[in-house]
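No gaps in the numbering here: position 125 of the sequence shown is 125 in full-length UniProt numbering, and each next residue is one more.
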Amino acid sequence: MAEERIQKIMSEQGLCSRRAAEQIIAEGRVKVNGHPVKVGDKMDPNRDVLHVDDERIYIQKNQQLYYLALYKPRGYVTTASDELGRKTVMELVSDIPARLYPVGRLDKDSEGLLLMTNDGAFAQAVTHPSGGISKLYRVTVQPRADEAQLLKMSSGVVLDDGTKTMPCAINVVTDEPGRTVMEMTLKEGKNREIRRMCEAVGLEVVRLKRNAEGVVKLGMLKPGTYRELTKAEVNGLRAAAAKGRAQTRSAALQSRAAERRPRGPVGRGPAAGKKRK
Numbered sequence: 001m002a003e004e005r006i007q008k009i010m011s012e013q014g015l016c017s018r019r020a021a022e023q024i025i026a027e028g029r030v031k032v033n034g035h036p037v038k039v040g041d042k043m044d045p046n047r048d049v050l051h052v053d054d055e056r057i058y059i060q061k062n063q064q065l066y067y068l069a070l071y072k073p074r075g076y077v078t079t080a081s082d083e084l085g086r087k088t089v090m091e092l093v094s095d096i097p098a099r100l101y102p103v104g105r106l107d108k109d110s111e112g113l114l115l116m117t118n119d120g121a122f123a124q125a126v127t128h129p130s131g132g133i134s135k136l137y138r139v140t141v142q143p144r145a146d147e148a149q150l151l152k153m154s155s156g157v158v159l160d161d162g163t164k165t166m167p168c169a170i171n172v173v174t175d176e177p178g179r180t181v182m183e184m185t186l187k188e189g190k191n192r193e194i195r196r197m198c199e200a201v202g203l204e205v206v207r208l209k210r211n212a213e214g215v216v217k218l219g220m221l222k223p224g225t226y227r228e229l230t231k232a233e234v235n236g237l238r239a240a241a242a243k244g245r246a247q248t249r250s251a252a253l254q255s256r257a258a259e260r261r262p263r264g265p266v267g268r269g270p271a272a273g274k275k276r277k
């Protein structure tokens, strides 16, 4: 069998996304035949021996691919394992005969839709920033949000690390003294982004639930349960990610073209470059 890039093999075996595999390799946690490897190195899956974090990975050929929609309850962390002994989402899909991993993340205090898969290429496409797949959240904050706070968040707000969020859609569902319930649609996935957005304008999130990601809806799932995605949902997510990447590339090309465009002097009256008499 021909040699393949190690990060590709790790991704296809359901260890992590390809991007995460590159990070793990860069940290020196991957060995082939007992020797540390670098990002971009290759191996023969039939001949070579792969270790990740000193654990041998037995490479399975033609494995079945799984695509799940899980209702992550509050209190679970979105990791394969947790050194603090906290409950992980892997416990909720332990009956699946494959090594799954989360597609994206939800923090411990959040709940709702979380995609799970062992298809590394799919996970990479869906989570890559250029894909821009929309995610719908229902957010309860306190105290009551006023118009100025909502406008700041929807227009893009500067976070505690100095970065600014992209504009997002906000729809108020319930507005009453002491609290506001709203739906927020985001296309980026910064760490704890919604909580940090609310904190930046003086609001506290008391409940955060993801109800949809692209064409996939949480629907009637109960906390801690999952269902398999339909073929249409998987294809819909792939199509949305591909469209987002195409739009990102187009915008980048237009930006570079504008930067290269010659800029002559601009003025009124006499033609630029000519002296007045």
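Note that beta-carbon positions come from the ideal geometry of N, C-alpha and C, so glycine has one too.
Quick caveat: nothing in here was measured; it's all calculated off a predicted structure.
{"Asked": "Buried or exposed (CB count within 10 angstroms, at least 16 for buried), residue 118", "Found": "buried"}
{"Asked": "C-beta contact flag for residue 6 and residue 42 at 8 Å", "Found": "yes"}
{"Asked": "Cutoff 8 Å; reference residue 51; Cβ partners in own chain excluding five residues on either side", "Found": "30, 31, 32, 34 and 57"}
{"Asked": "Euclidean distance between Cα positions of residue 8 and residue 186", "Found": "29 Å"}
{"Asked": "Residues bridged to residue 51 (per DSSP)", "Found": "31 and 56"}
{"Asked": "Exposure of residue 14, with buried meaning 16 or more beta-carbon neighbours within 10 Å", "Found": "buried"}
{"Asked": "Cβ-based neighbour list, residue 268, same chain, cut-off 6 Å, excluding 5 preceding and 5 following", "Found": "Confidence at residue 268 is low in this model, with a pLDDT of 47, below 50, so the placement of that residue should be treated as unreliable; the coordinate-derived value is given next. Contacts found: none."}
{"Asked": "Assigned secondary structure, residue 271 (DSSP; H/G/I helix, E/B strand, else coil)", "Found": "Because the pLDDT of residue 271 is 47, which lies under 50, any placement of that residue in the model is unreliable, and the question is left without a value."}
{"Asked": "Rounded C-alpha distance that separates residue 149 from residue 230", "Found": "39 Å"}
{"Asked": "Residue 55 versus residue 104: straight-line alpha-carbon distance, rounded", "Found": "24 Å"}
{"Asked": "Three-pair Cβ contact test at 8 Å for the region 192-211 versus the region 138-153", "Found": "yes"}
{"Asked": "Same chain, Cβ closer than 8 Å to residue 100, five either side skipped, listed in chain order", "Found": "14, 66, 68, 90, 93, 116, 117 and 118"}
{"Asked": "Under 8 Å between C-beta atoms of residue 157 and residue 165", "Found": "yes"}
{"Asked": "For residue 178 and residue 11, the rounded distance between their alpha carbons", "Found": "46 Å"}
{"Asked": "Where residue 84 falls, given that 16 or more other Cβ within 10 Å makes a residue buried", "Found": "exposed"}
{"Asked": "Endpoints, the beta strand (DSSP E) within which residue 116 is located", "Found": "111-117"}
{"Asked": "Close beta carbons around residue 75, own chain, < 7 Å, minus the five adjacent residues each side", "Found": "87 and 108"}
{"Asked": "Inter-residue spacing [alpha-carbon to alpha-carbon] between residue 189 and residue 129", "Found": "8 Å"}
{"Asked": "Other residues of its chain near residue 233: CB distance less than 7 Å, five sequence neighbours each side excluded", "Found": "215 and 216"}
{"Asked": "Residues sharing a beta bridge with residue 301, DSSP", "Found": "Residue 301 cannot be examined here, being either before or after the span of the chain that is shown, 1 to 277."}
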